[in-house]
Every structure is written in structure tokens, then in C-alpha cells.
Amino acid sequence: MFQKTSTPRVYGLPCGVRFPFALKEGLLERLKSQSPDELARVEIFVNSSRVRTDLKLAFDDGRTQFLPKIRLITELGRDIAARDVVQGVSGLRRRLELSQLVAGFLDQEPDFAARASIYDLADSLAALLAEMHDEGVSPADLDTINIEDTSGHWTRARRFMSIISDFFDPTQDQPPMPEARLKMVVDLLGETWARTPPTHPIIVAGSTGSRGTTSAFMKLVASLPQGSVILPGFDFDVTEDTWQKIDESEAYEHPQARFSNFAKAVGISPKSVENWTPSVTANESRNRLISLALRPAPVTDQWMTEGPNFKNIDTACDDITLIEAPDARSEAVSIALALRKAAQDGQKAALITPDRALARHVTAVLDRWNIAPDDSAGIPLNQTPPGRLLRHVSGQLGRAVSSEQLLVLLKHPLVARGSYDQESIRGFHLLWTRKLEKHLRRYGPAFPAREDLLNWSQRPSETGSIDADLVIWAIWVSDIIEKLQDTGTQHLSDHLDHVIELAETLVSGPQSTDPRELWSHSAGREALRVVTDLQAEAQHGGVMTTHEFGALFNAIVGRGLARDPSPKHPDILIWGTLEARAQGAELVILGGLNETVWPASPTPDPWFSRDMRKQVGLLPPEQQIGLAAHDFQQAVGAKSVILSRAKRNAEAETVTSRWLIRLTNLLAGMSPQGADALSQMRARGDVFVEMARILERPSASVPMAQRPSPRPPTAARPRQLSVTRVETLVRDPYQIYASRVLRLNKLNPLTQSADPRDRGTAFHKVMEEFVAHTRDETTQEAAARLIATAERVLEETVLWPAARRVWLGRLKKIALPLVVREAENRTKGTPIATEIKGAFHFKDIDFSLTCEADRIDETAAGDYIIYDYKTGSPPSKKQTETLNMQLHLEAIILENSGFSGLNTGRVCEVAYLGLDGNTKETRLPLFPGDTMKVEERFRELIRNYDDPKQGYTSRRIVQSVSFTGDFDHLARVGEWAESDPPSPEDVQ
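If you want it as C-alpha cells, here you go:
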């Protein structure tokens, strides 16, 4: 098929052509004068399954013809000729083995990295070893690294790398990595073909040679008598001196840098590369413009000479649209609108982006028009129902199961999918889960145990019966909780078996052994494959803690990909940059053109610094930027192109992608025609941005709420309050309306954390027990006993270790002042009651007051002193005279025989005792007539709210604007100002 040449045979295809079809046309053109069966003798190697599929589709054009052999480069190891090469191991096994090495290294060097990063380090180490094999770097080369002037981190990393030589010299005990075996196969092919070159045509197509082993195979094929290499996205407009500058300056960031290196390796000039299919045309003006825009830095001055003389700028830019959206949401909607228009016009359109968040966002927007794009990336397994369930289970091993985590498991869509007596139990499961959630939100505990669940399930219903099925369900849930928690350090295989058992138990449900739903459908089958692969290699994982296993399992599940089997739109596509390299569409949208996205920031190397990589001959991090630049150059050569970016992300202003900056700067400065073309590109993009703005605008404006002041009927108004809620009635009456009239109760969050109320409860309990057991002792002894009491009470009542330590520290700090103050209080009276409940009914206004006094002391004269402990700041004297009547109302209850077991008597003093850092206190002596004044103020307050015209105004006299109430969202706080007048409204 090929004529004899004296140099390696290297061809290229320009940017913008559809690679599979151009490859086919060039091949058929060369074989048109030969026998049809010659096509079947051609062997084509490609670098991805996607390219192989598209190439087969290209040949499926309705004509009766033979097909060439289309193979993946990675399949070379399956040839009969490679049977003598040592069989390799899976990448998973090698990562598990490396993780054990890393774990041992971190045991010796704990400052190198956290143990939570063991498997991330193992992954990066495996990638480094693969790169070393690709680039021909041996362990002996590592000995040449000069680390005299480096930090201790790199010294330790270099020392660790010295123990990995076993992974370079394959033996029966240490088989090679897949990358190493492929290199061995390529070397063997080189020796074999040097003796007996193949006589049939061999073509390597679509690879950039970015990996050393692939590049070596391409070099080998290019030198065969009937071999050739076809480079994708080759820039035929690069000048000779530009190629020279790319080579001299090691411009790895340039999109053609890898081609320059390959041409140099095979001994040809890049300018000698020929077009594989000259008959297939691309937008030559566009390609020349992009080539000029991406010239390497040393020759950017060519803009000044070539820019003003650039011909056909209109042809180059007419089909380019530039979207500069104000934010990420607007960018996604703009792109979705462009894809929708393409679908309406019957165009094949593709979004190319490395930003998976943007791809998901665009997919969500397209759903409003019932357009489901064909996303080549599939769905990450850890985002599918089976993957999420496995991830939740593995992440919960060995940990106390909180209410939130328990409900996450129970509410999972795959849980309880089995059947009992041929009847699905999913409905009952959801009903019981909802009941349990309400119970846990209202009554806790934060970490439910078997006893809690059984007590809840065995409570009689309204009819007095106990639901036996609910009890069985609660036992099933309790078993799962205990199996999750009762797991410790063990071998990887044991951890994995435990996770599978728990996941299948959850999916089966109580009284069922049918876990089929876990492994069903596309995602379930992928989950089964991942788990099976891990089971096969688990023997190499070693012993690990539950936390380490959770990190490992989550990382492995995250690599799985499941295809969505639902029907997709055939012409609306989403590609990653890798999938887009050998594909094309009528409209191509390049999304996420911002720095750190496209191109992405270079991945940090924890093992070698930039200088160390250079010393041993590894590629610099900029090589990845060069590959991304080549993806950009290929994609922007399409027939119609939309370049899209968001000016701002969720955190800050974004930085435009360097290639887009180069293109816009070139157009703006090259000539008036270029500036006009740029202006038109932006104008076309602004159309989509404006459409997105209109689409996102609400169809009708929602009127702002007014400050609510509902006026319920008098009969519906509360006739009883606790003394602490009286202040709420004064400050924020709407809270009383919502809780006592509407009878709404705030549901506690499932993720309970220590809050001021918990602290107050604990401190009150400490003081109650301390006061009850006070005896004659020194101040130091009393302080020690207070601290001991605090330690015991906090351990019993506070579930959060961090909160216990902090609160105990606070009490230790104020222990001496509290003891001194307690001694002073004892000189005034003797404690006779703590945490005692009281109540009194005012007959004239038909209203009841209730309370729970923290502490009541009796003086020698028979009078009473009422104390209230405050873990926050006690109210000031002025506040007690106007708004806070709590202790005065308790005094009224006491003076009216409202406390059971206490004789009626006069209250001579009330006091708020602070338990904060300064142990502040507010003491209020009561003189004859003081309680009568407060009682009259209280009666007046209740009479006012018995008036049908009096509304329950929201946030009437809040202590501060920053105050937040439980029902502020119901009152639509934020839509009205604190200075707005109330808007009374009669409610029924």
C-alpha cells in the first residue's frame, strides 16, 4: 500500500476534520487500485475504545467492503508473540501492594503525610512508577538525583523511593505493572520486526504519543516498510522557525510540542509531515488564526508582522461565538440554550469540557425541555444508588451511628427492596422510617442504640396494641447498627465481606434474603464488577483499620463508571477532552474556559520536585497543559464553535483561560477587521447570555411580605404560659402565636450538636448536685468537689467529647469564684428546693403561670430567696424592671402557695447567678409591694392579648437585631425591615 521511502512514514490530519472519516477516506484512496481484500489485511492501532467504535461506524457507510483490523494499542500484550513475556498484574493489585509500603513508610515518617492519605499516596506512586516505565527511567537513575539543597520532605521521599526497585525488575513474585509489561511487549516486537518485518500495512492512528511506550510503538511502526503513523490535530501552519523555537525552548505547554518531540525522535522534520487526506478540507483560515494565536512565547512577536496581513479574518471567525457569562449558572443555561437550538435545527452538537460540574449542570437545564444528552463520561459509580449505599456502609464501619447516618441508610432507595410472603415490604419500611425520624428529631437520642429502638417500637398505639411487625423491623435496624459499630482492625478481605453482607442485609430488608436489587441494572452490575475485582485482589491489601478501609473503598468505588441505560438524544452530546480527540460535530461548544479548569492546574507530585523530575528525565507538569492545549486547538477547528466561560464562580472572580486570552488579544490588536470580528463573536454570545437571563427571570414578581401581626380569636389564644415564655410574649409575640395557637413545634436537626441549651442543662445539673451535697469544708476542697461533680455529670449527660472538654475547662476556670459565692449565699439562707415545679392560676384573668425554679433558699427569718442560674449573661436590673419578669413571677407563685411542699411566705430577694466566665450576677431585693406591681403589669399584659384587636407581632422588642427565633422563616423575616409597622390580620 505504501511506496518505499528512506525516512519513517508520518502523516497528519489537520484540526477540524472528523478524524475517523478522514482516516477512512485516505485509506480507501490509497487502496482504490488494489484488490478489495487488501483492506482486510490492513491493521490499525488506535488508543481508545471510543475511537475504535467510531472508526468502525465510519466504514459502515452502506458500501459492501472488507473491514480493516482495528485494535487498541493496549491489546498488544494479547498477541501470541507476547506469550513469553511475564504476565502482568492488575493495577488494583499493585496499588494495594504499594499502599502497604506507604503505610509502613508513614509509620516511620509520620510527618510526611497524614495516614488518611495512604491510598492517595499509593495512587500517585503507582502513576509515578508507570510514568518511569513509560519514559525509560530506572531505579538506578534515581541515585543520580542531587538532593543536597532540597527540603527534608524530598529527602525522605527519595529515601522511600529506593525500596521500590522490585517493581522494576519483574519476577515470579513481583510481576510487572500493566505499563511495564506493555513496554516489554513493544521492545520484543521491535526485536522481532527487526528480523522479520511484517508485510501487511500497519497504521497507528489518533495518538499524540504523549506516553513514552506509545511513542516508542509509534516510532517502531513508522519505520516499518508498510507502516505509518497518522497524527491527529497536526498544525500544518507552524513555520520552520516556530518548530525550532518549540524544540529549543522546550515549550511543553505548546499544543504541538509532543509532535515536535516525536518528529525529532524518528529523525524527520515536522515540516515534512504530509496530510493523510488532502481531499478532506478543514477551515484553513480558522486553523491559521489559532496557530498564530498559540505561537510559543519566544516568537509571539510574529503577531506584529503576520497579524496585520492576515487574510480572510471573516471566514476564520464567522462561526465562532464567545459566551462570557456572569456566573456559572448563567454559563450552564446559555450552553443549554445553544444545545437546544441545535436540536431544534437538526444539528449534531457536542459540549466539550473537563468540568464535570458544568456538564451535570447543563444536563439538568436540558431536562426542562426533555432533552437527555449522551454523556460519554457516564455516571460515576459512587453517585449511583448501589455505589452510594456501599459507600455509606463502608464509611460508617467502626463508628457510632448517629441519627442522621442511620436515616441516610434507611431512606436509601435500595433499602428494604426484598419481599416477605410475596409482598413488598418497602412501603412499610418507609412508613416506619418516617415514624422513627419524627421520634428521633423530637426526643433523640443523637446515637440510637438497641434499647432506644426497642423501647420506641414497643410503645402501645392509640388502641393500646403493640405492632409486632414494627418490633421485628426495629430489631433488624438494631442488628445493623451493632454490626456497623462492632468492627475493628482486620484484613481487607474481611472488611469487604462485612460491607457486602451489611449492604445485602439492608437491601433485603427484615425477614427477607433477596438482595438482587443491589446488583441489578447497569449501576448494580458495575458495582458487582468493582467489588468482585477487589475481592480477587484483597489478599494483597493487608490489615487495616475501618477508617483506612473506608478511604480505600471509597476511592475504588469512585473510579467505577456506569452507563445510564435510558434513551439519549442522538445528536446532543457531552464529551470529555479525551473522548473528543478523534470525534467531531457540526457545532462544538468548549465550556469552562477558565484557568484551573481548562487547563487544569498541574497535579502536585508528593514524591519528586520539579527539579528532581528534570534530573532523572521525567516530563515536567507543563506537559499536561500542552496536551490540554492540543485538545483546545483540535476542538476549536470545528465548523461552528462556541467558546464559553463564566466570569465568576461560587467563590471569586475567575481567570480567563490562557488560550482564550491569546485569541482575544490577537484579534483585538491585529487589525480593525480583527477587532470587529471579536466584537461580533461577543455579540453572538451575548444573545445566549441574554436569553439565559430572561429564562431565569421569574414569570411574575412575588410581593414582599409585610411584618405579620396575626389576630386569632380570643378563644384560640393561650390561657397558660411558663414564666420563661412571658418574656417571649413581650419580645416576640409571634413565637407564642406559632407555638401555642398554631401548635407548631420546631423539629430538631438530626445532626445534633452541643448547643447553649445542652450546656445550660448540664451546668444546672452540676450546681444542683453540688449544692445538695455541700458540707463544711475548705474553699479548695469545695472547688475540687465541684470539679469532680462536673466531670461525672458531664460524662453522664453530654454526648460530645469535645464539648465535655470545653465545658469542663470553663467550670474549672470559675470553680473558685463559684465556691466563694456559694459560701456567701449560705450565709443568707439554706437551700430547701432545687429544680422544683410550681404553678398558679389567676382567676380574674383566667390565666395560669407555670415554672421550674432552679433553686429556693430559706432565710433564718423564714423568708425565701429564689435563684436562677444563667450560663449566658444574666439580665440587667433595667431589663428585669421592664421585660424580664421571670423571677418576680416565680416569687408571685411562691407567695401564693404555688410550690408543692413549700409553705407560703414572703420572697425577700431574687437573684440571677451567672455561670459564665465572669460569674456575673444580678441581685434584686424585694420590698413590700414590689411583687404586686409586677403582678399588675402581668395582668395588664394578658388583658391586652385578650383584646381581639391585639395582634401577635413578629419581633416586637427583640434584644438585638441579630436575634433569631424558631419561627422567623414563617414570619418571612428578611422581607421586611425591623422598623416596618406591623400589619394586623384577623385569622380564624
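Per the UniProt record's numbering, residue 1 is the first one in the sequence shown, and the count goes up by one each step. For each residue, glycine too, the CB sits at the ideal point set by N, CA and C. Quick caveat, the model's predicted, so the values are computed rather than measured.
Cut-off 8 Å between Cβ atoms - residues of its own chain near residue i, not counting five sequence neighbours on either side
{"i": "Gly488", "result": "Gly398, Thr545, Thr546"}
{"i": "Gln87", "result": "Pro175, Arg181"}
{"i": "Asn146", "result": "Gln615"}
{"i": "Arg529", "result": "Gly560"}
{"i": "Ser609", "result": "Thr150, Trp154"}
Buried or exposed by the 16-neighbour rule on C-beta atoms within 10 Å, applied to residue i
{"i": "Arg78", "result": "exposed"}
{"i": "Gly901", "result": "exposed"}
{"i": "Leu672", "result": "Sequence check: residue 672 is Pro here, not Leu. Exposed."}
{"i": "Arg159", "result": "exposed"}
{"i": "His429", "result": "buried"}
{"i": "Leu57", "result": "exposed"}
{"i": "Arg743", "result": "exposed"}
{"i": "Met161", "result": "buried"}
{"i": "Leu889", "result": "buried"}
{"i": "Thr827", "result": "exposed"}
{"i": "Met612", "result": "buried"}
{"i": "Leu747", "result": "exposed"}
{"i": "Lys933", "result": "exposed"}
{"i": "Tyr119", "result": "buried"}
{"i": "Thr577", "result": "buried"}
{"i": "Ser884", "result": "Per the sequence presented here, residue 884 reads as Asn, with Ser not at that position. Buried, since its Cβ has 16 or more Cβ neighbours within 10 Å."}
{"i": "Lys219", "result": "buried"}
{"i": "Arg969", "result": "The sequence as given places His at residue 969; Arg does not occur at that position. Counting Cβ neighbours within 10 Å, His969 comes out exposed, since fewer than 16 surround it."}
{"i": "Ala715", "result": "exposed"}
{"i": "Phe927", "result": "exposed"}
{"i": "Ala635", "result": "buried"}
DSSP bridge partner residues for residue i (one or two, in chain order)
{"i": "Ile371", "result": "Note: Ile371 sits in no beta bridge, so no partner."}
{"i": "Phe262", "result": "BP columns for Phe262 are empty, so no partner."}
{"i": "Gly227", "result": "Ile202"}
{"i": "Phe840", "result": "Leu849"}
{"i": "Ser983", "result": "Pro708"}
{"i": "His491", "result": "Val543"}
{"i": "Tyr867", "result": "Arg855, Ala911"}
{"i": "Ala833", "result": "Ile856"}
{"i": "Trp800", "result": "Paired residues: none, contrary to the question."}
{"i": "Glu653", "result": "Arg648"}
{"i": "Ile574", "result": "Leu351, Asp375"}
{"i": "Ala600", "result": "Thr596, Val597"}
{"i": "Gly12", "result": "Leu231, Asn275"}
Residues of its chain near residue i, where Cβ-Cβ distance is below 6 Å and the 5 sequence neighbours each way are ignored
{"i": "Pro515", "result": "Glu504, Val507, Ser508"}
{"i": "Trp800", "result": "Ala754"}
{"i": "Glu38", "result": "Leu31"}
{"i": "Ala263", "result": "Pro270"}
{"i": "Glu109", "result": "Arg156"}
Supposed contact pair residue j and residue i - C-beta distance, whole angstroms, cut 8 Å
{"i": "Leu887", "j": "Asp868", "result": "6 Å"}
{"i": "Ile642", "j": "Ile313", "result": "The pair is not a contact, with the Cβ atoms about 19 Å apart (cut-off 8 Å)."}
{"i": "Asp857", "j": "Ile832", "result": "7 Å"}
{"i": "Pro756", "j": "Thr871", "result": "7 Å"}
{"i": "Ala343", "j": "His200", "result": "Not quite, the Cβ-Cβ distance comes to about 44 Å (not below 8 Å), so this is no contact."}
{"i": "Leu534", "j": "Leu496", "result": "6 Å"}
{"i": "Pro567", "j": "Ala372", "result": "7 Å"}
{"i": "Pro137", "j": "Ala122", "result": "According to the sequence displayed, residue 137 carries Val and not Pro. No, Val137 and Ala122 are not in contact; Cβ-Cβ is about 19 Å, not under 8 Å."}
Sequence-distant residues of its chain with Cβ nearer than 7 Å to residue i (five each side left out)
{"i": "Ala675", "result": "Leu667, Ala668"}
{"i": "Pro413", "result": "Pro385"}
{"i": "Glu791", "result": "Leu808"}
{"i": "Lys949", "result": "Arg711"}
{"i": "Glu524", "result": "Contrary to the premise, residue 524 reads as Gly rather than Glu in this sequence. Cβ neighbours of Gly524 beyond the five flanking positions: Pro386, Leu518."}
Contact with chain C by residue i, beta-carbon distance below 8 Å
{"i": "Ile642", "result": "The structure shown contains no chain C; it holds only a single protein chain."}
Please give me, in chain order, every unbroken run of the beta strand (DSSP E) with length at least 3 that falls completely inside the region 883-935. The region 883-935 contains these whole beta strand (DSSP E) runs: 907-914, 921-925.
Scan the region 111-176 and note each continuous beta strand (DSSP E) run of 3 residues or more that stays entirely inside, going in chain order. As for any beta strand (DSSP E) of minimum length 3 sitting wholly inside the region 111-176, there is none.
Please give me, in chain order, every unbroken run of the beta strand (DSSP E) with length at least 3 that falls completely inside the region 298-339. As far as the region 298-339 is concerned, its whole beta strand (DSSP E) runs of at least 3 residues are 320-325.
Could you pull out every unbroken alpha helix (DSSP H) segment of at least 4 residues lying fully inside the region 716-791, listed in chain order? Listed in chain order, the complete alpha helix (DSSP H) runs (minimum 4 residues) inside the region 716-791 are 723-731, 733-736, 756-772.
Just list the beta strand (DSSP E) runs in the region 15-84, keeping only unbroken ones of 3 residues or longer that don't cross its boundaries, in chain order. Those beta strand (DSSP E) runs which fall completely within the region 15-84 and span 3+ residues are 43-46, 69-72.
For a minimum of 4 consecutive residues, which ranges assigned as the alpha helix (DSSP H) are wholly contained in the region 359-405? The alpha helix (DSSP H) runs of length 4 or more contained entirely in the region 359-405 are, from start to end of the chain, 385-396.
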